[in-house]
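J.: Submitted below is the structure of interest, expressed as structure tokens.
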Amino acid sequence: MSTIVRRTVPALAIAGTIMLATTGCLAGESADASNADAAGSTGAESTEWSTDTLSIDFATYNPLSLIVRDQGLIEEALGDEVTVEWVQSAGSNKANEFLRSGSIDVGSTAGSAALLARANGSPIKVIDIYSQPEWSALVVPAGSDITSVADLAGKSVAATPGTDPYFFLLQALETEGLTIADVQLQNLQHADGRAALDAGSVDAWAGLDPIMAAAEAESGAELVYRNVDFNSYGFLNATEEFLTDHPDVAQVVVDAYEEARAWALENPDETAALLAEVAGIDPVVAETVITERSNLDVSGIPGDDQLSVLEKIGPVLVESGSIQGGQAAVDDALETLVDDSFARAATEDQ
């Protein structure tokens, strides 16, 4: 059982979500307009939502998602009228697959993965920032002869394409004048990458926390290259269709995230305990992830800070051939990726 104590959603937050309840009928209007008009178009007594289902992901790389799910913040706000389905994302690539297919309405990815998806035609927008992490690094087994990025040339490296660790690998290689063609890429999901490293099947791994921190503590794995600037922010994304048709429910989701952030900052030990429970890792490892490699005390409003990081990553993605439309597609994605209206409304209410 989790050590977290369930909190009650503040009355003002409930009132705010109720006042937003009927905005979902304004299909075709922008989320910004719906949010702005919500207070005047509905009454506080309304409990009718624009949808009866919500599909949303949780992920061990997104601590706030674990709190929102564990404490039932969304369910408490929506009541019995809306069924909330939780789907676990094993990585940003899986969250993007779920979003593109319509399997989920809201999903958590690294910022780089959201840029990749948007640039390649996936109709998603970032609606909240859940962390500023140092969750990626290049990992080698204990006692490895690999001591630098340059030593990776010709070596087998496990990574999950479409995720921050993969983009971290691309940027790291670039610092030594190398490309992905200079290594033997092994396309493995994050947990499988760690397993391959432990088994000696690969020479290095582009790791992701909390699995990476567990590999350090349990297997003696070493982080051969770290660079916090090569890590993008944690993005909470939603499909454009969901935001257009159900802005009232989208607002509930973001409100819940901002409540979870405040709780996490006040309760870091309990947050680490929940991560350890869900991820199946040692509590000490989870504490390292939460206290040393996850900055949750960051504004949830997406904007220039995140876009400036993505502007640096974009050309790397283009050079690697990951973006079908080249730099023009990246530029268009950067201009259209962000919808900050929900996070602004959520933080203004606090």
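Note that the sequence shown covers residues -27 to -1, 1 to 323 in mature numbering (1 follows the signal peptide of the UniProt record, and there is no 0). From the three backbone atoms N, C-alpha and C, an ideal C-beta is built for every residue, glycine too. A quick note: this is a predicted structure, and the numbers were derived from the prediction, not measured.
#1: Helix, strand or coil, according to DSSP, for S117 in the structure here?
#2: Go ahead and pull the three-state DSSP assignment for Q162.
#3: Name, in chain order, the residues that DSSP records as bridge partners for G193.
#4: Less than 8 Å between the CB atoms is what I'm expecting for A87 and N210, so what's the real figure, rounded?
#5: Counting only beta-carbon separations shorter than 8 Å, does V79 have a partner in chain C?
#6: Identify, in the order they occur along the chain, each residue of the same chain with its Cβ nearer than 6 Å to the Cβ of P275, setting aside the five sequence neighbours on each side.
#7: When you compare the CB positions of Q162 and A63, do they come within less than 8 Å of one another, or not?
#8: If you run the structure through DSSP and keep just helix, strand and coil, what is V303?
#9: What three-state label does DSSP hand D5 in the structure shown?
#10: Count the other CB atoms within 10 Å of the CB of N66; is the residue buried (16 or more) or exposed (fewer)?
#11: Does the segment 143 to 158 come into contact with the segment 209 to 223, if we say contact requires no fewer than three beta-carbon pairs (one atom in each stretch) closer than 8 Å?
#12: Are V271 and F140 touching if we call contact CB-CB under 8 Å?
#13: Take the Cβ of N268 as the centre, count every other Cβ of all protein chains shown within 10 Å, and call the residue buried at 16 or more, exposed below.
#14: Let me know if T(-20) comes out buried or exposed under the rule of 16 or more other beta-carbons within 10 Å of its beta-carbon.
#15: For Y198, list the residues DSSP reports as bridge partners.
#16: Any contact between the segment 48 to 63 and the segment 184 to 196? By contact I mean 3 or more CB pairs, one from each, below 8 Å.
#17: Would you mind working out which of S23, S81, E48 and A50 sits nearest D30, comparing C-alpha positions?
#18: Between which two residues does the beta strand (DSSP E) harbouring P106 extend?
T.: Inspection of the coordinates gives the following:
#1: Here S117 sits in coil by DSSP.
#2: Q162 falls in the coil class under three-state DSSP.
#3: Its beta-bridge partners do not exist; DSSP assigns none.
#4: The beta-carbon distance between A87 and N210, rounded to whole angstroms, is 5 Å. This is short enough to meet the 8 Å contact definition.
#5: This model lacks chain C altogether, as it is built from one protein chain only.
#6: Same-chain partners within the cutoff: V99, I102, V311 and D313.
#7: Between Q162 and A63, the C-beta spacing is below 8 Å.
#8: In the structure shown, V303 falls within a helical segment according to DSSP collapsed to helix, strand and coil.
#9: Its pLDDT being 43, under 50, D5 is placed unreliably in this model, and the value from its coordinates should be taken loosely. Per DSSP, reduced to three states, the secondary structure at D5 is helical.
#10: Taking a 10 Å sphere around the C-beta of N66, we find 16 or more other C-beta atoms and assign the residue as buried.
#11: Put simply, the segment 143 to 158 does not touch the segment 209 to 223. Fewer than three CB pairs are less than 8 Å apart.
#12: Going by C-beta atoms, V271 is not nearer than 8 Å to F140.
#13: If you draw a 10 Å sphere on the C-beta of N268, you find fewer than 16 other C-beta atoms in it, and that means exposed.
#14: Because T(-20) carries a pLDDT of 35, less than 50, the predicted location of this residue cannot be relied on, and the following value inherits that uncertainty. Counting Cβ neighbours within 10 Å, T(-20) comes out exposed, since fewer than 16 surround it.
#15: Bridge partners of Y198 according to DSSP: L111.
#16: Two segments are said to touch when three or more pairs of C-beta atoms, one from each, lie closer than 8 Å; by this definition the segment 48 to 63 does not touch the segment 184 to 196.
#17: Selected option, being the one with the closest Cα: S81.
#18: Where P106 is concerned, the enclosing beta strand (DSSP E) stretches over I97 to P106.
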